[in-house]
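**Q** Residue numbers (my numbering): 273 to 362.
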Amino acid sequence: MGDITDAIDNEVNLLQNKLRETLREEEERGANLRNLGTRAEHLEERAGMFQSSARDVRRKLWWRSIKWIAIAASIVLLLVVIVYVTLFKK
């Protein structure tokens, strides 16, 4: 009878240890999920900041391009006026 109760006690102890281990692993998974959620929120914030910065840079480069186009157009117009005045002034 002692062998049976010892075997049952061993089985119960093994099951308790297995249950404790499973609960600990589940707690770790929960902590990992919370950490992952926090990291995802931070990533979303950084993505928004990146998008805003990219839009600002795009706008700045567009205005720079417009400025150079205006300068080039002014130079071409000035050259056309100079050529016109020199050719048709006579």
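No residue lacks a Cβ here, since even glycine has one placed at the ideal position from N, Cα and C.
From arginine 301 to arginine 318, what distance separates their C-alpha atoms?
**A** Taking the straight line from one Cα to the other gives about 25 Å.
**Q** For a minimum of 4 consecutive residues, which ranges assigned as the alpha helix (DSSP H) are wholly contained in the segment 293-353?
**A** None, since the segment 293-353 contains no complete alpha helix (DSSP H) of that length.
**Q** What separation, rounded to the nearest whole angstrom, lies between the Cα atoms of isoleucine 338 and serine 324?
**A** Roughly 21 Å separates the two Cα atoms.
**Q** Can you give me the C-alpha to C-alpha distance between leucine 351 and alanine 345, rounded to a whole angstrom?
**A** One C-alpha to the other measures close to 10 Å.
**Q** Where does lysine 361 sit, in a helix, a strand or coil, going by DSSP?
**A** Coil at lysine 361, not helix or strand.
**Q** Have a look at tryptophan 334 and valine 348 and give me their C-alpha separation to the nearest angstrom.
**A** Using only the alpha carbons, I get a separation of about 21 Å.
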